[in-house]
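A.B. asks: One structure coming up, written as C-alpha cells, with questions to follow.
2 protein chains.
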Amino acid sequence: MPEIRFDIVSGGFAVIAAERAKRPSDWESAQRSRKDIPSSDARCPFCPGNEKLTPPEVKAVRGESLPDEPGWTIRVFPNKFPALVRPEDLPGEEGEKSALQGQAPEDLHTAMYWRIPGIGAHEVVVESTLHNATLGSYAPEYLAGVLEVLKERALLLYDRRETRYVQVFKNHGERGGASLSHPHFQVIGLPVLPSAVVSEGLRQREYESRAGRCLFCDMVERELEKDVRVVGKSAEFVVLSPFASGYSFEALIVPRKHLGSFAEAGVEDNRALAQALVDLFRRYEALFPSLPYNMVFHGIPETARQRRNWPYHAHIHVYPRLNAEAGLELGTGVHINPSPPELATKQLLSALTD
Amino acid sequence: MPEIRFDIVSGGFAVIAAERAKRPSDWESAQRSRKDIPSSDARCPFCPGNEKLTPPEVKAVRGESLPDEPGWTIRVFPNKFPALVRPEDLPGEEGEKSALQGQAPEDLHTAMYWRIPGIGAHEVVVESTLHNATLGSYAPEYLAGVLEVLKERALLLYDRRETRYVQVFKNHGERGGASLSHPHFQVIGLPVLPSAVVSEGLRQREYESRAGRCLFCDMVERELEKDVRVVGKSAEFVVLSPFASGYSFEALIVPRKHLGSFAEAGVEDNRALAQALVDLFRRYEALFPSLPYNMVFHGIPETARQRRNWPYHAHIHVYPRLNAEAGLELGTGVHINPSPPELATKQLLSALTD
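Below, the structure written as C-alpha cells:
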C-alpha cells in the first residue's frame, strides 16, 4: 500500500509506492556490470598520459613529476566545457560589475529580465588514475585525501569575491549525467545563492527556533533510536535512508557533531567521512554493480555564515538514478519512489556481511 | 559567454551556457528517428485489441462498440502500476480518516515522521489508437477532443473529497520517463497540495500585489513586444521559450486571456490550445525526430480557488529531456541549459515554413 510522506527538510512530499517496482525494465541498466570497463582507456582525457587533452591543472597530488605530466594521484583542472567562466577571462569592467550582482533586483520589471554574466568557477577533480575506480573500491585513507582536496578547492573558491555559493558534487554513470566515465568530482562556484539553498537554510532556522534544537541533530538522535533506516554509523557519522526519500536507495550522510559545513571538517572528520562513504558504496556496488548516481555536499555557504542566522548542519545527499524523474516530479516536485526506505536499508545492510 | 538568469516564476536561476552544447554525445538519442516505431504493436497493452491487458476503462470515446473492446479513439483507465490508490480500495475507516489529512501537522516532532495513506487517483489517457502517433501528427480538432477528456477527468478527480491537487501531464520517450512508447497522457489526483504548487501560487500573488497586475499577463505583453522568444501566437494563445529556460528548447504555453485553470477552458479555448500545441510539436518534431519530453499543465487547484487569494494564470510547461539533470541541478535547483532561448526560438521558427 503506497504512502505519502512529508519531508521536513525540503517541505516537499514523496510518494512511497512499492508497487511501482513491479513495472518492467526500469532497473536493467543498473544491473549491467562495471566489469566491462577497463582500468585505463587510451582515449580518455582523464587517464594518465592524456593530460594534454584537459586544460592545465590548477592543483595535483603528485610526486617529483612535472605539472600536466603523469605521476599524479589526484588532479584538478578547469572544466573544458565550463558552465561558468572565471572573471579574469572577462573584459575588466564587466568582471568588476558582476561581482556585486548576486541578488535579484527589487524592481519587478527589472527582475523579470534580470541577467548577470555567468562568472564563477567550474573545476574537475579527477580522484584516481584508474579509469574504472569506484567509491567502494578505495581505501578509506585514500578517499580521505580526495576529501581534503575538495575542501581546499571549495575554500579557495569562497575566497574569490564573486563567489556566493560553492557546490561540490559527483555525477556517476550515464543516467547520473556523467559525460565521461572516468571517476571524478566537480566543484562549481556560483555568483548567486540558489533559492533551494536559502530555502534549506531557512527551514533549518525555523525548526530550531520552534523546537529549540537543530533539525539534523534531532533527526540523527531519533533515527538511531528507531534503527529502521540506519545504513551505517560510527562515532563520527551516521548514514541514513531518509524517511521521505524521493529516490530509490537514496542516502543521507550526516556528521554526528554539529558541523556547519564540510569546509570546517578537520583531517579526522574527513577520515571518518571517507570510512562512511566507502562502507556505503561497497554496499551499493554489491547490490548494483553499475549504480548511476549523483552525490551533493550541502553545508552553510561561507558567504552566509556571518550574515545569516542559520543553525546549518552539513550533510551529503546521494541520489541513485534508478528511476526517471518525469512529469509528476517536474510539475509538482513530488517524487514517486518505488523503494520503501526501510526495505532499502535492509537490503543495503544485508548486501555485505561485515 | 554564459549567462545566469533569474526566473521570476520559480524564484530560481538558470545558467545559459551555449558552450556546453559542444560536449560530445548528449543529443544523439534524440536524433534517432521515430520512423522505426511501427503504427501498431501486438505486445503493446495500449494498442487496440489488447484492452484486456489494462484495468477496465473508466471512460472512452467510442462508437457502438462495447467497453474494453476495440472501436475507441480515446480510452481512459486506472494505471496498472499506480502511484496512488482509490480510497474505496482501502478499509473503510482508513479511507475516511485520510481524506482529512492534506496538511502537514504543526507539531515538529509529528511533522518529521508525518505520513498518510497514499490515496488518490492515477489514470492513463490513451489518446490515439496509433502506436507511433505524436502530438505533431494530430489534426487540431482531434487533439481538442483529447483536451476535453483531460479536462473532464481532472474535474471528476477534483470532485472527490480526498483530492487536493490534480496534475495532468505527459511523458514521452525513454528519457522522458515514459515506460511505454504508445502515446498517452496521465492524470494524477493527490491528497496533498505540493509545496512547489503553493510556491508558484504565492509568487504570482506577490507579483500581483506589488505590480498591480498578473505576472503572466505582464510577461505575455512584454514578450510579444520584444518578439525574440515568441515561438507561436494566435488570438488566444502564446508559445514562448522562457527567458530563464532551465531545459534546452523548453516551451511555455500561455492563454492570452486570464484563465485561472484549464478546468475553466471552454470548447473554443481547447480548440485554440490544440492548434498551438500541434504547431509547436510539428516544429519540435522537424528538429528532433524523437524528442523525449515532459509536459505539465499548471492551473490554480480547484481546492485552493475559494480559500486562497491567488491571481493564478494557467499555463503549460514543456521540458525537453535533451540533457541530463545531474549533481548541480539536484543540489541547488540551478539548471545548466546549453541552448539560449532566443536561439532555440529561431531554430523552432525556421524548422517549418508556415
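Protein chains in written order, with my numbering: chain A, 1 to 354; chain B, 355 to 708.
Even for Gly, the Cβ is constructed at its ideal location relative to N, Cα and C.
1) State the Cα-Cα distance for the pair isoleucine 316 (chain A) and leucine 631 (chain B), rounded to the nearest angstrom.
2) Which residue spans inside the stretch 608-641 of chain B form an unbroken alpha helix (DSSP H) run of at least 4?
3) Looking at the structure shown, is arginine 469 (chain B) part of a helix, part of a strand, or coil, going by DSSP?
4) Just how far apart, CA to CA, sit serine 261 (chain A) and valine 239 (chain A)?
5) Looking only at its own chain, which residues have a Cβ that is under 7 Å from the Cβ of arginine 583 (chain B), when we skip the five neighbours before and after it?
6) For phenylalanine 591 (chain B), report the span of its beta strand (DSSP E) as first-last.
7) I'd like to know whether the C-beta atoms of leucine 504 (chain B) and valine 541 (chain B) end up nearer to each other than 9 Å.
8) Is arginine 32 (chain A) close to chain B? Criterion is C-beta to C-beta, closer than 9 Å.
9) DSSP on phenylalanine 81 (chain A), reduced to helix/strand/coil?
10) Compute the beta-carbon to beta-carbon distance between glutamine 167 (chain A) and serine 234 (chain A), rounded to the nearest angstrom, for a pair I have assumed lies under 8 Å.
11) In the structure shown, what three-state DSSP assignment does alanine 475 (chain B) receive?
12) Return the residues of the stretch 546-557 of chain B that lie within a Cβ-Cβ distance of less than 8 Å from chain A, sorted by chain order.
13) Using a C-beta to C-beta distance shorter than 7 Å, which residues of chain A count as neighbours of tyrosine 467 (chain B)?
14) How many Å lie between valine 412 (chain B) and alanine 508 (chain B) at the Cα?
15) Is alanine 396 (chain B) close to chain A? Criterion is C-beta to C-beta, closer than 9 Å.
16) Could you give the distance in angstroms between the alpha-carbon of glycine 425 (chain B) and the alpha-carbon of glutamate 418 (chain B)?
17) Please determine, among A:Ala272, A:Leu322 and A:Leu193, the residue with the shortest C-alpha to C-alpha distance to leucine 682 (chain B).
18) Would you say glycine 266 (chain A) reaches chain B, if we count a Cβ-Cβ gap shorter than 9 Å as a contact?
19) Hey, lysine 611 (chain B) and glutamate 579 (chain B): beta-carbon distance below 9 Å or not?
20) Mapping the DSSP letters down to three states, classify arginine 62 (chain A) as helix, strand or coil.
21) Check the DSSP bridge columns for tyrosine 673 (chain B) and list the partner residues they point to.
22) As a quick exercise: from A:Asn270, A:Gly246, A:Ser248 and A:Tyr247, pick the residue whose alpha carbon is nearest that of valine 254 (chain A).
23) Three-state secondary structure (DSSP) at glutamate 680 (chain B)?
24) Excluding the 5 residues preceding and the 5 following glycine 474 (chain B) in the sequence, name in chain order all residues of the same chain whose CB lies nearer than 6 Å to its CB.
25) By how many angstroms is the C-alpha of phenylalanine 570 (chain B) removed from the C-alpha of cysteine 401 (chain B)?
26) Give a yes or no on whether the minimum CB-CB distance between aspartate 581 (chain B) and chain A is below 9 Å.
27) Does proline 695 (chain B) have its Cβ less than 9 Å from a Cβ in chain A?
28) Alpha carbon to alpha carbon, what distance is there between alanine 619 (chain B) and leucine 613 (chain B)?
29) So if I threshold CB-CB distances at 7 Å, which residues from the stretch 670-698 of chain B count as touching chain A?
30) Can you check whether the C-beta of leucine 287 (chain A) is within less than 9 Å of a C-beta belonging to chain B?
31) Quick check: is the beta carbon of leucine 504 (chain B) nearer than 9 Å to any beta carbon in chain A?
32) Taking only three categories from DSSP, how would you classify arginine 222 (chain A)?
33) How long is the line joining the alpha carbons of serine 290 (chain A) and serine 181 (chain A), rounded to whole angstroms?
34) So is alanine 617 (chain B) in contact with chain A if we call contact Cβ pairs under 9 Å?
35) In whole angstroms, what is the alpha-carbon distance linking proline 692 (chain B) and leucine 684 (chain B)?
36) Nearest chain B C-beta to alanine 296 (chain A) closer than 9 Å, yes or no?
C.D. replies: With the structure as the only source:
1) Isoleucine 316 (chain A) and leucine 631 (chain B): Cα-Cα distance of roughly 41 Å.
2) If we require 4 residues or more, the alpha helix (DSSP H) runs fully inside the stretch 608-641 of chain B come out as 621-641.
3) In the structure shown, the three-state DSSP call for arginine 469 (chain B) is strand.
4) About 17 Å.
5) Glu577, Leu594, Ser595, Phe597, Pro695, Glu696 and Thr699, listed in sequence order.
6) Residue range 591-594 is occupied by the beta strand (DSSP E) that includes phenylalanine 591 (chain B).
7) Their beta carbons are under 9 Å apart, which means leucine 504 (chain B) touches valine 541 (chain B) by this criterion.
8) Interpretation of arginine 32 (chain A) is limited by its pLDDT of 44, a score under 50 that renders its predicted location unreliable; no figure is taken from the coordinates.
9) In the structure shown, phenylalanine 81 (chain A) falls within a coil segment according to DSSP collapsed to helix, strand and coil.
10) Incorrect: roughly 26 Å between the Cβ atoms, too far for contact.
11) The answer is strand: DSSP assigns alanine 475 (chain B) an E or B state.
12) The residues in question are Val546, Pro548, Ser549, Ala550 and Val551.
13) Within chain A, the residues near tyrosine 467 (chain B) are Phe243.
14) Going from the Cα of valine 412 (chain B) to the Cα of alanine 508 (chain B) covers about 13 Å.
15) Not an interface residue.
16) Looking at the two C-alpha atoms, the distance is approximately 8 Å.
17) Out of A:Ala272, A:Leu322 and A:Leu193, A:Leu193 has the C-alpha closest to the C-alpha of leucine 682 (chain B).
18) By this cut-off, glycine 266 (chain A) is not an interface position.
19) Cβ atoms of lysine 611 (chain B) and glutamate 579 (chain B): not closer than 9 Å.
20) It is a strand residue.
21) Answer is B:Asn648, bridged to tyrosine 673 (chain B).
22) When only C-alpha atoms are compared, the closest one is A:Asn270.
23) Strictly speaking, residue 680 (chain B) in this sequence is alanine, with glutamate absent from that position. Assigned with DSSP and collapsed to three states, alanine 680 (chain B) falls in coil, not helix or strand.
24) Taking C-beta separations shorter than 6 Å and ignoring five residues to either side along the sequence, the partners of glycine 474 (chain B) in its chain run Leu438, Gly543, Leu544 and Pro545, following chain order.
25) Using only the alpha carbons, I get a separation of about 39 Å.
26) It does not; no Cβ of chain A falls within 9 Å.
27) Output row for proline 695 (chain B): interface = no.
28) Across the structure, leucine 613 (chain B) and alanine 619 (chain B) are spaced so that their CA atoms are roughly 7 Å apart.
29) Identification of residues in the stretch 670-698 of chain B having a C-beta nearer than 7 Å to some C-beta of chain A yields Tyr673, Ala678, Glu679, Ala680, Gly681, Leu682, Leu684, Gly685, Thr686, Gly687, Val688 and Ile690, given in sequence order.
30) Closer than 9 Å to the CB of leucine 287 (chain A) there is not a single CB belonging to chain B.
31) Answer no: the Cβ-Cβ gap between leucine 504 (chain B) and chain A never drops below 9 Å.
32) Of the three classes helix, strand and coil, the one that applies to arginine 222 (chain A) here is helix, per DSSP.
33) In a straight line, the C-alpha of serine 290 (chain A) is about 11 Å away from that of serine 181 (chain A).
34) Closer than 9 Å: no.
35) The alpha-carbon atoms of proline 692 (chain B) and leucine 684 (chain B) are separated by roughly 17 Å.
36) Note that residue 296 (chain A) corresponds to valine in the displayed sequence, not to alanine. With a threshold of 9 Å between beta carbons, valine 296 (chain A) makes contact with chain B.
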